[in-house]
Structures are given as structure tokens and as C-alpha cells.
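J.: Each residue of the sequence shown is one higher than the one before, starting from 43 at the first, in the numbering used here. We put the beta carbon where it would ideally sit given N, CA and C, even for glycine.
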Amino acid sequence: MPKLLNRIVLIAALTMLSACASTFRSDVTTFISEPVPTAGKVAVIPMDEKKRDSLEYRDYAAIIGSKLATLGYTQAGNDKPDLIVGFDVLINDGREKIETRPTAHASFYWTSGWYWGRFWGPYPADPFWHDTDLVARTVYNVMLKMEVRKPNGDLIYEGRAESEVRSRVLPELVPKLAEALFKDFPGENGKTKRVVIDLDKKK
Numbered sequence: 043m044p045k046l047l048n049r050i051v052l053i054a055a056l057t058m059l060s061a062c063a064s065t066f067r068s069d070v071t072t073f074i075s076e077p078v079p080t081a082g083k084v085a086v087i088p089m090d091e092k093k094r095d096s097l098e099y100r101d102y103a104a105i106i107g108s109k110l111a112t113l114g115y116t117q118a119g120n121d122k123p124d125l126i127v128g129f130d131v132l133i134n135d136g137r138e139k140i141e142t143r144p145t146a147h148a149s150f151y152w153t154s155g156w157y158w159g160r161f162w163g164p165y166p167a168d169p170f171w172h173d174t175d176l177v178a179r180t181v182y183n184v185m186l187k188m189e190v191r192k193p194n195g196d197l198i199y200e201g202r203a204e205s206e207v208r209s210r211v212l213p214e215l216v217p218k219l220a221e222a223l224f225k226d227f228p229g230e231n232g233k234t235k236r237v238v239i240d241l242d243k244k245k
């Protein structure tokens, strides 16, 4: 019986952890100086000129371009763009974060005692007791920044999606950050919202 109870509690704890792992959370902040056109020809380029020849950043530009396409924008190509969309991806060197991991124990033991002058027992006491382990993990802050300018250079939109992650694999993170950033695009001026993406729906 103790082994069975211990297994049940551990399975429940693991189920809770896996549920957390199946979502991607991001804080999205937006600033808007004037209404962003809802359609038009766009050019998507890295903000950092040094990254404009990068094959990696071409892939990221394609991801952002595909998100814009779903909203009705088209790639300018060799034509003059109506809007210039700049972007950048930033990630820090990480920091150690202490987290608690649930552990569970199950045991039956027989005890007895006095209660209001009467002998009470034997009875199974404390069939479950829970504990936590402290685990040190390295976490990183990753950010996708995006801006929208008119051809004359006027800045009309700034947005960023930020997340705390355990991996520095940017090709896996950028599509998730882009999805968070384009949730209800362009958003509200000066607002930060928490966007939660259900990764199970992506499979």
C-alpha cells in the first residue's frame, strides 16, 4: 500500500509539471504613435546592419513575414515598401534560479494517544506527507524586438516579446516569440500583457 500511494502522488506531481511544460509564456509590450496600417507592402529587415547578411536572420525575417502575411501584408520584394519592419533577437548569458520541485512520500503507521481523557487508537496517521527539493537551474531572458516605420523613417510602432527560458536555442524560440508578439497585433499603446501559447495545439 505505501508504494502504491507514493506512486499515485508522484504521478500527480509529474502531471502538473508536464502541464506547465506544454505552454510558452511571454510578456508582450507595445508602443504605438499612430494607427498602424492594416495592409500594404512591407520590407522585413534586421535592425542591426551586421546581421542583414546572416542566413539565420533571414529565417527569422521569413517567420515574421509569414505572420504579417496572415494579417494581410505582402512582401515588397523589389518594389518600394509602404512599411519597413525592423526586428532583432536578444538573449542574455543566463542566471541561476532556485526552484522547488515537489516530492511526495506515503506511509502508514499505527499510533495511539489520549484524547479528552479517552484512549484513542490505533489509527493510520499522516498517510501522505509532501516535501520539496531545491533545484538550481540556469535560465535565460530572450527577447524579440520589432518596429514599424514609414518609408520616411517615422517610427509608428514598437513591440517586444520577452520570455524566461531554459534553452538558448534561438531557432526554436523565435517562432514562439513571434506568435506571442503578433497575438492581437498591434495591441494597445503602453500596455504589457501576458500571452500563453498552448504548445500541444502546435503538434
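Using CA atoms only, rank isn't needed, just tell me which of Arg100, Leu176, Phe73 is closest to Ala85.
T.: Arg100
J.: Would the beta-carbon of Met188 fall within 7 Å of that of Phe129?
T.: In this structure, Met188 lies near Phe129, with their beta-carbon atoms less than 7 Å apart.
J.: Reducing DSSP to helix, strand and coil, say where Tyr157 ends up.
T.: Annotation note: pLDDT 47 at Tyr157 (below 50); position unreliable, coordinate value reported separately. Tyr157 falls in the strand class under three-state DSSP.
J.: Determine contact between the stretch 65-74 and the stretch 226-245, defined as no fewer than three beta-carbon pairs at a distance below 8 Å.
T.: yes
J.: Within its chain, find whatever has a CB closer than 7 Å to the CB of Gly107; leave out the 5 residues flanking it on each side and keep chain order.
T.: Val86, Gln117
J.: List the DSSP bridge partners of Asp101.
T.: The partner list for Asp101 (beta bridge, DSSP) is empty, contrary to what the question assumes.
J.: Along the chain, where does the beta strand (DSSP E) that runs through Ala85 open and close?
T.: Annotation: the continuous beta strand (DSSP E) that includes Ala85 extends over 82-88.
J.: For Thr142, collect the residues of the same chain with a Cβ closer than 8 Å to its Cβ; drop the 5 residues on either side in sequence, then sort them by chain order.
T.: Correct list, in chain order: Thr174, Asp175, Leu176, Val177.
J.: Just checking Leu223 against the ligand MN - is the residue's beta carbon closer than 6 Å to any of the ligand's heavy atoms?
T.: Summarising the ligand content, the structure contains no ligands, and the ligand MN is consequently not present.
J.: Do the CB positions of Leu125 and Gly82 come within less than 7 Å of each other?
T.: Yes, Cβ-Cβ distance for Leu125 and Gly82 is below 7 Å.
J.: With distances taken between CB atoms, is the gap from Asn231 to Glu206 smaller than 7 Å?
T.: no
J.: Between Gly229 and Arg137, what straight-line distance do the alpha-carbon atoms span, to the nearest angstrom?
T.: 31 Å
J.: Going by the beta-carbon positions, is the gap between Leu241 and Ser64 smaller than 7 Å?
T.: yes
J.: Per DSSP, which residues does Val37 bridge with? Please list them.
T.: Since the displayed the chain opens at 43 and closes at 245, residue 37 lies outside it and no answer follows.
J.: Could you tell me the alpha carbon to alpha carbon distance between Val9 and Glu91, rounded to whole angstroms?
T.: As shown, the chain starts at 43 and ends at 245. That puts residue 9 outside it, with no answer to give.
J.: Where does Asp130 fall in DSSP's three states?
T.: strand
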